[in-house]
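Residue numbers (this note's numbering): 24 to 118.
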């Protein structure tokens, strides 16, 4: 059971890192620091988009339009941290 808790914790942590990297890369692309014409950059951004967008899209649909500001990654980070704390801390106390 403890191994399962560690696996879930590791997967959530890995997903959080992917989300942070995706957000930073989109900022760098938007400000012209990174060019998506580079094949490696395109592959990394495309991969991160494919794994983050299916979870971010429903959050974006629920949130009101704030102009050019997308706060869905912030909501997702808070939700993932809450879930991780709920699973890891509370279930670890039961053991």
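Yeah, the Cβ is synthetic: ideal placement off N, Cα and C, and Gly gets one too. Remember, predicted model here, so these are calculated numbers, not experimental data.
When the Cα of residue i is compared with those of the options, which residue comes out closest?
{"i": "residue 73", "options": "38, 104, 25, 86", "result": "38"}
{"i": "residue 104", "options": "28, 35, 115", "result": "35"}
{"i": "residue 93", "options": "55, 100, 83, 102", "result": "83"}
{"i": "residue 79", "options": "25, 101, 26, 90", "result": "101"}
{"i": "residue 64", "options": "47, 76, 77", "result": "47"}
{"i": "residue 33", "options": "117, 115, 107", "result": "107"}
Between the C-alpha atoms of residue i and residue j, what's the straight-line distance to the nearest angstrom?
{"i": "residue 61", "j": "residue 52", "result": "11 Å"}
{"i": "residue 87", "j": "residue 97", "result": "14 Å"}
{"i": "residue 49", "j": "residue 58", "result": "10 Å"}
{"i": "residue 113", "j": "residue 55", "result": "44 Å"}
{"i": "residue 77", "j": "residue 99", "result": "12 Å"}
Since residue i and residue j are thought to touch, with beta carbons under 8 Å apart, how far apart are those beta carbons, to the nearest angstrom?
{"i": "residue 28", "j": "residue 110", "result": "7 Å"}
{"i": "residue 71", "j": "residue 41", "result": "6 Å"}
For residue i, name the three-state secondary structure that DSSP assigns.
{"i": "residue 92", "result": "coil"}
{"i": "residue 86", "result": "coil"}
{"i": "residue 61", "result": "coil"}
{"i": "residue 56", "result": "coil"}
{"i": "residue 24", "result": "coil"}
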